[in-house]
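Numbering (my numbering), first residue to last: 6 to 87. We put the CB at the ideal spot given by N, CA and C, even for glycine. To keep things clear, I will list the structure first and then write my remarks on it.
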């Protein structure tokens, strides 16, 4: 079974809350209290997309199951690159 942190994929539906780099930590706490299992860091919506900035944001959520995505317009995202 594949796991992302403590979230075991396939065992049951997993709810991810999407956040960007402007999200307040208290909002994340509200989401996890409401039942979110992991976070989705929406890099396409970050104010800066440099490697250093993205890694810094990822480290803020160490210990929380997380995935990072870059979504294009066809997926409702903000990425317009190639």
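Check                                                                                                             : Outcome
Cβ-based burial, residue 62 [other Cβ within 10 Å; buried from 16]                                                : buried
Check whether residue 47 and residue 25 have beta carbons under 8 Å apart                                         : yes
Inter-residue Cα distance where the pair is residue 17 and residue 40                                             : 13 Å
Contacting residues, own chain, Cβ-Cβ under 6 Å from residue 10 (five flanking each side not counted)             : 70
Residue 39 in three-state terms, based on DSSP                                                                    : coil
Outcome for residue 43 when other beta-carbon atoms lying within 10 angstroms are tallied against a minimum of 16 : buried
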